[in-house]
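What follows is one structure encoded as structure tokens, with my remarks underneath.
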Amino acid sequence: MVLHRDIKASNILIDLTFQARLGDFGLACVLADGKNSYTDHGAHGTIGFQSPEYIYNGRATRKTDVFAFGVLVLEIVAGKRAVGRDDVQFGHVTDWAWKLHAEGNLATRRRRRRRAHRQRRV
Numbered sequence: 318m319v320l321h322r323d324i325k326a327s328n329i330l331i332d333l334t335f336q337a338r339l340g341d342f343g344l345a346c347v348l349a350d351g352k353n354s355y356t357d358h359g360a361h362g363t364i365g366f367q368s369p370e371y372i373y374n375g376r377a378t379r380k381t382d383v384f385a386f387g388v389l390v391l392e393i394v395a396g397k398r399a400v401g402r403d404d405v406q407f408g409h410v411t412d413w414a415w416k417l418h419a420e421g422n423l424a425t426r427r428r429r430r431r432r433a434h435r436q437r438r439v
């Protein structure tokens, strides 16, 4: 199994047939048969895409790549950077999403952002 350890938008490439390809395997590691994790001294990768447990103990699993992919999806859906400070976000995009989810406003917020984006383009 290969752990990428740096999944983010700038590492997703689109080929001529519009198929997504994962690039930049500089931090990737291949796990030996029977192993399901890789421990490193300190967390590596892009801030905002690292899972909390990877930051805490430096142990990467397939779940750390799944977390990073989830952050990437949230960036696309929310139209926000993983970590940033803008008109409605302070902190991590997952905190913003959980807050809206708890309020029951996640779908409503997304519709408003799409509508505002369409109006700006006209």
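If you use my numbering, the sequence shown corresponds to residues 318 to 439, in order.
Glycine included, each C-beta is placed from N, C-alpha and C at the ideal position.
The three-state secondary structure of I324, taken from DSSP, is coil. Judged by their CB atoms, G387 and D323 are not nearer to each other than the 8 Å cut-off. Of all C-beta pairs linking the stretch 374-389 to the stretch 350-362, three or more are shorter than 8 Å, placing the two stretches in contact. Cβ-Cβ separation between L391 and A419: approximately 15 Å, too far for a contact (criterion under 8 Å). Q367 and K352 have their C-alpha atoms some 20 Å from each other. The three-state reading of DSSP puts I331 in strand, counting E and B together.
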